[in-house]
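Here the structure comes first, spelled out in structure tokens, and everything after it is commentary.
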Amino acid sequence: MPKIITVREFAQILNLPVTKVITELMKNGVIASINESIDFDTASILGDELGYEIKSPVESHKSKVELTEEEKKHLVFRPPVVVIMGHVDHGKTTLLDAIRNTNVVESESGGITQHIGAYQVEVRQSEPKFRGSKTDRGILRNTQDDFVKINKITFLDTPGHEAFSAMRAHGANITDIAILVVAADDGVKPQTKEAISHAKAAGIPIIVAINKIDKPEADIERVKRELADLDLLTEEWGGKTIIVPVSAKQNKGIDELLDMILVVSEMEDLKANPLRPAQGVVIESHMQAGMGPIATILVQEGTLKIGQVVLIGSIYGKIRLMENYLGKRITSASPSMPVRIAGLNGVCSFGEILDVTVDERTAKNKLAAKDIQKKIFGLAQISEEAKKGELKELNIILKADVDGSLSAIKNSLQSIVSGNVKVKIISDGVGDISESDINMAVASKALVIGFRVSASASVAKLAEEKGIKISKYDIIYNLIDDISAALEGMLEPEFIEEIMGKLEVIKVFYSTKNHKIVGGKVVDGKLESGLKAHLYHSGKKHGEGKITTLKLEQNPVSEVLKGFECGVGIDTERPIKPKDLIEAYKTEEVMRRVK
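Under full-length UniProt numbering, the first residue of the sequence shown carries the number 1, and numbering increases by one thereafter.
See below:
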């Protein structure tokens, strides 16, 4: 089945009346005419309800946005998208302010009157400073020193961990470069290590900004050593990590930091196609008096335009207003540009993907299809998922009220012996269940387990929208029992073989490729019709078969005991000769247990 098919074509493939297909679509909330298209997911669900198995087209392992050779011709360089991360007291906000205040275009300075979650700066360079680049960005180079080039950089003004949680949850490559801020007077802290893990997991380059170099206690070399211990070895020591000393408070090193961002950007060869249908990601959304739902979108591909109909998760609408980060009204937005849009029918979630659709009717049909597919992923479903081969690990996101409880639960879960399946704690922490936990659960197909903690109404709503089941407990033993049961459901059953009887072949009466009739004597146990059998020749096993009939003195019987001679009909492709041994057995399925 193709990815997109008309209702008429779908009905023809199934050899069903078109009216039958349209009626079934209507039952599921999808209104479509015979010439309208439905996607593969809708067709698959519909086919299942009609008694057909719909097979998917062969999927590519390429990136989400597939580009044809023709589309590749339209690729152009885009500004890098940068997120600033680090310990809470190391000056992330001050650094952002320093960059914003010193690098917006002069005519626009002071124009940023609202927070939209992202902004752009322009960097003027008097000469090319790029090294190791894959291209010259399509700009004619001048041999004169007064050559001026203007580059843009997009900064996400949002907590770094949220950006990476959204990336994992939605598969959206929200950011290209991470700036890791480390205070020169304080060094590496736990949040610093967490930020490094996030960036490495996302596979994006890290530039380190050692901030607060103006302080008397600043020790840049100590910070470099601590970073080296975390595999971030500075270039001057033979590593690959760019480290820039800065003072956000005194505006020192800011220009060099921006230059290094552009260096890395050029090496990453960041491109997008502004001519394809727009795609973007939500980086902020709220309800605004007089305007209704507002969303800040980071455009990633294509050009987003006023008047287009967009679909964002379960939200849709026609763009009736578009503003840039300065609050100025615009009519279109190109790749890497952050914009605010209005015209949606609800508030979106951070990290959700925006797609442009033909019209609102198409958007509604796509939403209806998504609703059909939505399912709650909870403990009861683990066994079924495992049988389909979809699970090898039981992924868990664990939240508890205090460290003591958290430690006890983790130790108990990790001590469970479960054969070839295991508990994998994706994330754990003390405190209530957060939206970040839900997003991570979506990305890792994990269970969200809470021990004596709660989830706010907004978190519960997000979990419901994403199809994530939150399981909460007050007693550790109940939690462990449920997880153990889920693991047992994931284990493949064990089959125990029990030998029922043995027959020594005396004579072969009939033999075809797939069936033999022999006579022999039961020398051990008993033979039963319907049992499977091992075949032995000269003491060595040489095949398998299944006993189909037994005859005792020409009379059909269901079993023959030890000491009696009988006739045996057996299905097997292996040859049977006198003195061979037929060993009848049965298998019993035994559910495996965890310890």
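Just so it is clear, CB atoms sit at the ideal spot from N, CA and C, and this is done for glycine as well.
Computed from a predicted structure; not experimentally measured.
- In the structure shown, Ile-13 adopts helical secondary structure according to DSSP, grouped into three states.
- Comparing C-alpha distances from Pro-79 to each of Asn-345, Asn-151, Leu-95, Ile-449 shows the shortest one belongs to Asn-151.
- Burial state of Gln-250 is exposed, judged by a 10 Å Cβ sphere holding fewer than 16 other Cβ atoms.
- Closest by C-alpha distance to Glu-122, out of Val-505, Met-337, His-286, is Met-337.
- For Gln-288, the enclosing beta strand (DSSP E) stretches over residues 279-288.
- The DSSP-derived three-state label of Ala-460 is helix.
- The DSSP-derived three-state label of Leu-304 is strand.
- In the three-state reduction of the DSSP assignment, Gln-554 falls in the coil class.
- In the pairwise beta carbon analysis, the segment 76-90 is classified as touching the segment 255-273: at least three pairs are separated by under 8 Å.
- The Cβ atoms of Ile-396 and Ile-433 do not sit closer than 8 Å to each other.
- Ranked by how close their Cα comes to the Cα of Val-264, the residues Thr-331, Ile-242, Leu-275 have Ile-242 in first place.
- Excluding sequence positions up to five before and after Ala-363, its CB lies within less than 7 Å of the CB of Val-309, Leu-311, Tyr-316, Thr-357, all in the same chain and listed in chain order.
- Under DSSP, Arg-340 forms a beta bridge with Thr-296, Glu-323.
- In the DSSP annotation of this structure, His-90 is not part of any beta strand (DSSP E), being labelled neither H nor E.
- Beta-bridge annotation (DSSP): His-534 is paired with Glu-544, Glu-583.
- C-alpha of Val-423 to C-alpha of Ser-471: approximately 16 Å in a straight line.
- Pro-245 carries a strand assignment under DSSP once its states are collapsed to helix, strand and coil.
- For Val-442, the enclosing alpha helix (DSSP H) starts and ends at 435-444.
- Within the model, the alpha-carbon separation for Gly-545 versus Glu-504 is close to 15 Å.
- Between Asp-185 and Lys-212 the beta-carbon gap is near 6 Å, inside 8 Å, which marks them as a contact.
- In the three-state scheme derived from DSSP, where H, G and I count as helix and E and B as strand, His-74 is classed as coil.
- Taking the C-beta atoms as reference points, Leu-354 is found no nearer than 8 Å to Leu-487.
- Closest in C-alpha terms to Ile-480, from the list Glu-553, Ser-405, Ser-427, comes Ser-405.
- Across the structure, Ile-496 and Glu-284 are spaced so that their CA atoms are roughly 57 Å apart.
- Take the alpha-carbon of Gly-520 and the one of Ile-506: they are about 5 Å apart.
- When DSSP states are grouped into helix, strand and coil, Asp-474 belongs to the coil group.
- If you ignore the 5 residues before and after Ser-558, its C-beta comes within less than 6 Å of the C-beta of Ser-529, all in its own chain and listed in chain order.
- Put simply, of Thr-587, Ala-485, Ile-319, Lys-240 the residue whose alpha carbon is nearest the alpha carbon of Glu-494 is Thr-587.
- Note on geometry: alpha-carbon atoms of Ile-341 and Gln-279 lie some 14 Å from one another.
- At the C-beta level, Val-453 and Asp-401 come within 8 Å of one another.
- Contact between Ala-195 and Met-322 does not hold, since their C-beta atoms are separated by about 32 Å, which reaches or exceeds 8 Å.
- DSSP places Ile-153 within a strand segment (E or B) once states are collapsed to three.
- Excluding five sequence positions before and after Asn-101, none of the CB atoms of its chain fall closer than 7 Å to its own CB.
- Sequence-distant Cβ neighbours of Phe-451 in its own chain, meaning closer than 8 Å and more than five residues away, are Leu-398, Lys-399, Ala-400, Asp-401, Ser-405, Leu-406, Ile-409, Lys-472, Tyr-473, Asp-474, Ile-476, Leu-479.
- A distance below 7 Å between beta-carbons, with the five flanking residues on each side excluded, links Ile-294 to the following residues of its chain, in chain order: Ser-285, His-286, Gln-288, Arg-340, Ala-342.
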